[in-house]
Structures are given as structure tokens and as C-alpha cells.
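Chain order of the listed sequences is A and B. The numbering of the first sequence is the numbering used here, which starts it at 2 and goes up by one. The numbering of the second sequence is the numbering used here, which starts it at 0 and goes up by one. What follows is a short report on a single structure.
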Amino acid sequence: MATVKIPPVLRAQTGGEAEVTADGVDVGEVLRALADIHPGTSEQLFSQDGELNRYVNVYLNDEDVRVLDGLDTAVAEGDTVVVLPAMAGGGSPWRPGRPGPVAA
Amino acid sequence: MATIEPIELIRSRIEEVDPADAREEIGDGVALVDTREQHEYDEAHLEGGTLVPPAELADRIAEVVPDRSQRVVLYCRSGDRSARAADLMESELGYEDVASMAGGIVAWQDAGYPVVAAQGMTKDQRMRYSRHTLLPEVGVEGQLKLLNAKVLLVGAGGLGSPAALYLAAAGIGTLGLVDDDEVDASNLQRQVIHATDRVGMPKTESAKLTIEHLNPDVDVVEHRTRLDADNILDIIEGYDMIVDGADNFPTRYLLNDASVRTRKPVVSASILAFDGQISTFVPYEGPCYRCLYPTPPPPELAPSCGAAGVLGVMAGVMGLLQANEVIKLAAGIGEPLIGRLLLYDSLGTRFTELKVKRDPECPICGPDAPEIPESEMGRFPDYDAFCAGAAVG
């Protein structure tokens with residue numbers, strides 16, 4: 002059983018849960034178990050060919066799985082899987098209709 | 000109570016080196032220790048000299064020189080206090096190879112050798128920054144580095160406001176502010192550099208007013224514009240490092256690519272709701288923003304603070320962590336967040352640290368990244384299209 006840390010932008014898909022426990026022998030299985038429990042997370046995490054989306058970083062404990070074995074990285078009992086998409090917020094209001102680089 | 004021995008007796012049993020010989024060996028694995036008082040050290044000291052006042056010698060010398068077999072050269076004003084300190088270190092503290100510089104810093108300066116003087120630091124500045132200069136890690140040298148540092152803040156918003164306030168208080172000599180927005184009442188819950196009576200005022204102007212009120216030492220440069228591919232190189236050129244508090248992905252990628260090309264460190268943070276993340280990107284020393292995030296997320300995974308809300312205090316925490324990184328980089332102290340991504344969960348009050356490695360396939364800083372000829376330095380991809388493309392792809 003691993004603990005999956007859910008980023009704020011995915012918590013709508015987990016009913017507000019910031020941490021979800023999920024079973025699996027590797028990172029792929031754990032994330033698919035997460036998607037079984039909370040189906041809304043599936044399309045955010047995986048592309049149509051079942052690979053991890055490029056804009057989602059996944060860490061096993063503190064290590065990026067890209068430098069380990071990706072979705073095949075073995076998960077041990079008690080490990081933490083961190084799901085982390087990039088965030089851009091700098092604390093200014095969103096200004097619809099004003100596309101393009103806006104420093105704030 | 001021990002009687003104080005005559006200085007001649009002490010001199011006869013310790014090693015003394017004259018300034019010329021000391022100068023020869025300093026820097027060559029020799030620990031150089033200044034055995035005067037803080038205010039003397041602040042006025043002028045030898046480069047690389049660490050202050051350990053006489054009264055603190057027994058307690059502090061082991062932290063400055065942990066290896067008792069290391070060669071140590073001590074100096075003071077005229078050579079007396081350092082002679083006594085050398086004697087104490089050898090006779091009671093177990094040091095094996097200690098010398099005192101004869102004639103002290105006075106003889107050193109008489110010989111025409113350079114010192115680190117509190118140049119550019121007025122009496123007022125010595126008072127203002129005394130709690131910095133008292134820190135051995137910062138000292139006058141570190142404060143002078145801060146006073147000479149030029150830091151660009153991209154965004155005078157939730158992150159830039161607290162960062163700019165504390166960087167100004169710390170005496171960062173030049174603070175550039177990039178923002179084309181105006182102060183809105185909804186900003187004031189977190190953008191603490193602005194004020195209620197400045198709603199409607201350009202943010203750069205409002206920030207400049209606050210900073211000048213706080214610390215007249217700081218030269219504030221307003222860049223009342225948006226960063227884009229056409230102006231970014233001109234804007235960042237005059238700065239040593241950049242604080243990224245941008246609210247959108249195109250600016251973050253553009254800033255990354257421009258800063259890697261010009262080899263300028265970027266202290267990058269982002270905030271949303273109750274969570275923040277921060278890392279320090281030093282080109283070619285550690286990963287860049289694209290190593291961490293090769294492509295931007297789609298819009299549904301990238302809501303803005305305006306859409307999702309943000310805890311003002313959390314923005315302050317993250318902005319101050321950015322300021323902390325800037326101070327360390329500028330003073331050359333501590334351990335910056337290079338290759339580390341720090342997450343802050345303000346609801347749980349938990350910090351999580353993740354490792355970030357350089358991506359061997361990074362199109363910007365990887366080994367196979369194309370060389371950019373001088374004529375192409377200012378040409379960047381269309382970032383709106385890049386980010387919009389990623390959003391639908």
C-alpha cells in the first residue's frame with residue numbers, strides 16, 4: 002500500500018482528498034489503482050496510449066520516476082508517490098481576454 | 000585570578016610573521032582569523048579574515064578552525080591581541096601551528112597591501128545593516144555584495160510584493176520590477192507592498208513608493224511592461240539574477256529560455272490555493288525550468304489564483320523563501336535550492352523536498368541543445384502558441 006499525494010488541481014477529482022492510499026507493485030499500478038478509485042484522475046494522468054502525460058511529474062518519495070524506471074518503478078510498502086503538475090500562479094488575478102505573457 | 004603576562008614574554012614564545020610573509024601564505028590553506036572587535040572589523044579587515052573577538056576565542060575558534068593541526072594566522076590592529084590569542088590557542092586550546100601577524104592590520108596597510116574596507120557604507124548604513132554584518136556568514140563583505148546586487152522581479156504581485164519588501168530592507172542595491180498591471184482592491188489581501196489609497200496606480204509605481212520609503216539605499220527601476228520575446232533580453236541584461244513570480248506559463252518558459260542563454264540564475268516560485276512550490280535554477284549548474292517541466296499543462300490543470308483563490312499568507316511565505324534564495328545567491332552563502340523543488344502545503348504546514356535533475360534531453364540546457372549564434376540570441380519561439388498548443392494537445 003502506497004500513499005499518493007494529490008496536487009490541489011486534481012483534488013476536485015478525488016473528492017477533495019489530498020492523500021489517497023492505493024495498491025500496486027509499481028508506480029503504474031499504483032496510479033491506475035488511484036484512477037480506479039477516482040476515475041476523474043485518469044485522463045489527467047495518462048495519455049490515450051497509457052503513458053504518463055508529459056506535463057505531469059511523478060515522484061517516488063523524493064525521486065522523479067523519469068530518472069528511475071518510469072511507470073515500472075517498483076513501489077515498496079509505505080512509499081509515497083507524489084503527483085505534481087506545473088503551477089504558474091504568481092498571485093495576480095486572472096485576466097481573461099488578455100492572452101500572452103503577462104508579468105505579475 | 001591569573002596575572003596578565005607582559006606582551007614581550009608572550010611574543011618570545013609564539014611565532015610571529017611580518018605582513019609580507021603573511022601575505023605570501025594567506026589563501027594557501029591557511030586559516031586567517033581577525034582577533035579584534037566587530038566595529039573594527041567592520042571598518043576594514045583582511046580579505047578572507049574571519050572575525051573571532053578575543054573574548055569569544057575559547058568558545059568559537061573550534062567552529063572557525065575545526066582542525067587543530069591546520070596552519071592559522073591571527074591578526075589584530077597592532078599585533079598584541081593576536082599574540083595573546085596565538086599563545087592561548089597553542090598553550091590551552093591544542094592548536095599546533097599558529098602565528099601572529101606582527102604589527103597587525105596597521106603594518107599591513109602601511110606596507111600598501113589591500114584591505115576590505117567598508118567602502119560605500121556610510122555610518123547610517125553600518126547602523127541599518129548591523130544585524131546582517133554581525134552574522135559572520137554575511138559580515139561587511141556580504142552586505143557590500145547585497146548593496147551591489149541587481150535583482151529583477153518579474154511580477155509585483157503575490158510573490159513579488161513580499162520578496163521586494165524584504166530584499167529592499169536587506170539592502171539589495173538595485174531592484175527592477177516588471178509589471179504592467181495596476182493595483183486592484185482584490186490584490187491587497189496578499190500584495191503587501193501596495194496600499195488601499197493606491198488602487199488604480201501602476202503596481203511598479205506603488206512598489207517603488209513603498210521601497211523608497213523603507214530604504215532609500217535601493218535604486219528601483221520600473222519596467223511597466225509585459226515581458227515578451229522582443230524585450231526580454233534588453234530587460235534582463237542589466238541584472239545579476241531574476242525572481243520569477245509570473246502568473247502564466249508563456250512568461251515562465253520565455254524567462255527560462257532567456258535566462259539560460261544569458262546564464263542568469265532564476266529563483267522561481269508559484270502558488271495556488273494553499274500550496275506553493277519553489278526552486279532555484281542556476282543555468283548549467285543545475286536543472287532549468289524545462290528540465291523540471293518539459294511542457295506546460297492543459298488549462299484545466301493550470302487554473303490561476305484569480306480563478307481558484309490563494310491564501311495570502313502562503314503567497315507571503317513563498318515570496319520570502321524566494322527573497323531568502325536571492326540573499327544567499329547574492330552573498331554567496333548557504334545552500335541554494337539548486338536541483339531541489341520545495342513544496343509547501345500551508346494547510347498541513349508541511350514542507351516536501353523533491354530532487355530535480357538536469358534532463359539530458361532538455362532542448363534548452365541539455366548537452367544536445369543547439370548552440371545559439373549571437374544573431375539568434377533574441378529570437379524565441381512563439382510562446383503563446385507553444386503553451387496554447389500544449390493546452391489542447
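Where a beta carbon is used, it is the ideal one built from N, C-alpha and C, also for glycine.
Reduced DSSP secondary structure (H/G/I, E/B, other) of residue i
{"i": "residue 336 of chain B", "result": "coil"}
{"i": "residue 211 of chain B", "result": "helix"}
{"i": "residue 250 of chain B", "result": "helix"}
{"i": "residue 255 of chain B", "result": "helix"}
{"i": "residue 376 of chain B", "result": "coil"}
{"i": "residue 354 of chain B", "result": "strand"}
{"i": "residue 195 of chain B", "result": "helix"}
{"i": "residue 100 of chain B", "result": "strand"}
{"i": "residue 235 of chain B", "result": "helix"}
{"i": "residue 187 of chain B", "result": "coil"}
{"i": "residue 103 of chain A", "result": "Low per-residue confidence applies at residue 103 of chain A: pLDDT is 32, beneath 50, and the placement is therefore not dependable enough to give any value."}
{"i": "residue 18 of chain B", "result": "helix"}
{"i": "residue 7 of chain B", "result": "helix"}
{"i": "residue 48 of chain A", "result": "coil"}
{"i": "residue 13 of chain A", "result": "helix"}
{"i": "residue 95 of chain A", "result": "Only weak support is given to the placement of residue 95 of chain A: the predicted model assigns it a pLDDT of 33, under 50, and the question is left unresolved by the model."}
{"i": "residue 43 of chain B", "result": "strand"}
{"i": "residue 285 of chain B", "result": "strand"}
{"i": "residue 226 of chain B", "result": "coil"}
{"i": "residue 382 of chain B", "result": "helix"}
{"i": "residue 349 of chain B", "result": "strand"}
{"i": "residue 61 of chain B", "result": "helix"}
{"i": "residue 180 of chain B", "result": "coil"}
{"i": "residue 110 of chain B", "result": "coil"}
{"i": "residue 68 of chain B", "result": "coil"}
Under 9 Å by beta carbon: chain A residues contacting residue i
{"i": "residue 20 of chain B", "result": "Neighbours of residue 20 of chain B on chain A: none; closest Cβ ~50 Å, over 9 Å."}
{"i": "residue 352 of chain B", "result": "63"}
{"i": "residue 276 of chain B", "result": "85, 87, 88"}
Nearest candidate by alpha-carbon position, reference residue i, set the options
{"i": "residue 162 of chain B", "options": "B:144, B:131, B:191", "result": "B:191"}
{"i": "residue 384 of chain B", "options": "B:26, B:166, B:297", "result": "B:297"}
{"i": "residue 69 of chain A", "options": "A:28, A:6, A:8", "result": "A:28"}
{"i": "residue 266 of chain B", "options": "B:255, B:272, B:274", "result": "B:255"}
{"i": "residue 381 of chain B", "options": "B:110, B:170, B:227, B:111", "result": "B:227"}
{"i": "residue 224 of chain B", "options": "B:218, B:260, B:234, B:38", "result": "B:234"}
{"i": "residue 312 of chain B", "options": "B:376, B:41, B:344, B:287", "result": "B:344"}
{"i": "residue 114 of chain B", "options": "B:94, B:75, B:282", "result": "B:75"}
{"i": "residue 155 of chain B", "options": "B:95, B:222, B:352, B:140", "result": "B:222"}
{"i": "residue 229 of chain B", "options": "B:16, B:34, B:378", "result": "B:378"}
{"i": "residue 244 of chain B", "options": "B:270, B:83, B:26, B:260", "result": "B:270"}
{"i": "residue 78 of chain B", "options": "B:110, B:92, B:33", "result": "B:33"}
{"i": "residue 15 of chain A", "options": "A:25, A:46, A:26", "result": "A:46"}
{"i": "residue 49 of chain B", "options": "B:216, B:20, B:81", "result": "B:81"}
{"i": "residue 71 of chain A", "options": "A:80, A:56, A:61, A:77", "result": "A:61"}
N- and C-terminal bounds of the alpha helix (DSSP H) containing residue i
{"i": "residue 144 of chain B", "result": "138-147"}
{"i": "residue 131 of chain B", "result": "129-132"}
{"i": "residue 311 of chain B", "result": "311-330"}
{"i": "residue 367 of chain B", "result": "It is not in any alpha helix (DSSP H) - residue 367 of chain B carries neither H nor E in the DSSP assignment."}
{"i": "residue 433 of chain B", "result": "Here chain B covers residues 0 to 392 and nothing more, so residue 433 of chain B does not appear."}
{"i": "residue 85 of chain B", "result": "79-90"}
{"i": "residue 54 of chain B", "result": "Where residue 54 of chain B is concerned, there is no enclosing alpha helix (DSSP H), given that its DSSP letter is neither H nor E."}
{"i": "residue 23 of chain A", "result": "From DSSP, residue 23 of chain A is part of no alpha helix (DSSP H) but of the beta strand (DSSP E) over 20-23."}
For residue i, the first and last residue of its enclosing beta strand (DSSP E)
{"i": "residue 222 of chain B", "result": "218-222"}
{"i": "residue 240 of chain B", "result": "240-243"}
{"i": "residue 166 of chain B", "result": "No beta strand (DSSP E) contains residue 166 of chain B, which is instead part of the alpha helix (DSSP H) from 159-168."}
{"i": "residue 86 of chain A", "result": "81-86"}
{"i": "residue 175 of chain B", "result": "173-177"}
{"i": "residue 30 of chain B", "result": "30-33"}
{"i": "residue 36 of chain A", "result": "Residue 36 of chain A -> not in any beta strand (DSSP E); alpha helix (DSSP H) instead, spanning 28-38."}
{"i": "residue 61 of chain A", "result": "57-61"}
{"i": "residue 74 of chain B", "result": "71-74"}
Cross-chain neighbours of residue i in chain B, by beta carbon under 8 Å
{"i": "residue 17 of chain A", "result": "Near residue 17 of chain A there are no residues of chain B at all, since even the closest Cβ is about 11 Å away, more than 8 Å."}
Contacts of residue i in chain A (Cβ-Cβ under 7 Å)
{"i": "residue 251 of chain B", "result": "89"}
{"i": "residue 72 of chain B", "result": "Ordered by position in chain A, no residue passes the 7 Å Cβ test against residue 72 of chain B, which lies about 43 Å from the chain."}
Under 7 Å by beta carbon: chain B residues contacting residue i
{"i": "residue 40 of chain A", "result": "The contacting residues do not exist; residue 40 of chain A stays about 15 Å from chain B at best."}
{"i": "residue 55 of chain A", "result": "293, 294"}
{"i": "residue 68 of chain A", "result": "356"}
Contacts that residue i makes with chain A (C-beta to C-beta distance below 8 Å)
{"i": "residue 182 of chain B", "result": "Within 8 Å Cβ-Cβ: nothing; residue 182 of chain B doesn't reach chain A, min ~11 Å."}
{"i": "residue 258 of chain B", "result": "By Cβ distance, chain A contributes nothing, its closest Cβ being about 14 Å from residue 258 of chain B, past 8 Å."}
Chain E within 8 Å of residue i, Cβ atoms only
{"i": "residue 248 of chain B", "result": "In the structure shown, chain E does not exist; the protein chains are A and B."}
Is there contact between the stretch 7-16 of chain B and the stretch 99-108 of chain B, where contact requires at least three CB pairs shorter than 8 Å?
yes
Given 8 Å, three or more beta-carbon pairs between the stretch 147-157 of chain B and the stretch 235-253 of chain B:
yes
Decide if the stretch 73-87 of chain B is in contact with the stretch 52-59 of chain B; the criterion is three or more beta carbon pairs, one per stretch, under 8 Å apart.
yes
Tell me, please, whether the stretch 133-148 of chain B touches the stretch 166-182 of chain B by the rule of three or more beta-carbon pairs shorter than 8 Å.
yes
Inter-stretch contact (C-beta, 8 Å, three-pair minimum) for the stretch 183-202 of chain B and the stretch 352-366 of chain B:
no
Is the number of C-beta pairs between the stretch 273-289 of chain B and the stretch 335-342 of chain B that are closer than 8 Å three or more?
yes
Cβ contact (3+ pairs, closer than 8 Å) linking the stretch 203-214 of chain B and the stretch 329-336 of chain B
no
Do the stretch 180-189 of chain B and the stretch 132-144 of chain B meet, that is, are 3 or more Cβ pairs less than 8 Å apart?
no
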